[in-house]
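Colleague: Residue numbers (UniProt numbering): 1 to 190.
1. Measure from the alpha carbon of residue 60 to the alpha carbon of each residue in 49, 50, 68 and 72, then state which is nearest.
2. On the premise that residue 110 lies in contact with residue 42, defined as a C-beta separation below 8 Å, what is that separation, rounded to the nearest angstrom?
3. Using only the alpha-carbon positions, how far apart do residue 10 and residue 24 sit?
4. State yes or no: is the C-beta of residue 167 nearer than 6 Å to some heavy atom of the ligand HEM?
5. With a CB to CB cut of under 6 Å and the five nearest residues on each side skipped, what residues in its chain are close to residue 136?
6. Hey, how far is the Cα of residue 38 from the Cα of residue 186?
7. Assuming residue 119 and residue 149 are in contact, meaning their beta carbons sit under 8 Å apart, how far apart are those beta carbons, in whole angstroms?
8. Go through its chain and collect everything with a Cβ distance to residue 50's Cβ below 6 Å, but skip five positions before and after it.
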């Protein structure tokens, strides 16, 4: 019997072979996000658990740098303000922790990336619904079959797998690729 690491590695490698089918939607999404930033908009990220960590990671690739030194880009993780999260969660509900921030911070022409391995996270769904009503481009970075978010978002990138850890590993690759496309589209070389 092989070790857990080797089984996980095999599962990971099998999924990576399938991800080639996502080339066109990832490229298109990256170009759309670059257009948002080029027009003066910002990209907001939201998700729960590991997807919250991915939100922070990807937002920091924009405000810091990804590959090349460049001006900071407007990336904002809605998962990082503990006072906002606990205030909104307490005064309203956990389902409102992102939607209230989108309504207060978002503007038409911005983008919201909702990250959900199930595609059914209630607080991400509410944020996407509000964003769409406000004229904010919505991108779902999703797993499994895309869930409810798959059809709701303006564009969706769905990792076709059922294991959360493998989906999250793929989301990181896709997120890094989006950052690379953004930099390339905005004239920052790879």
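Positions of the beta carbon are idealized from the N, C-alpha and C atoms, including for glycine.
Modeller: With the structure as the only source:
1. 72
2. 5 Å
3. 25 Å
4. The ligand HEM is absent from the structure shown, which contains no ligands of any kind.
5. 106, 110 and 112
6. 7 Å
7. 4 Å
8. 168
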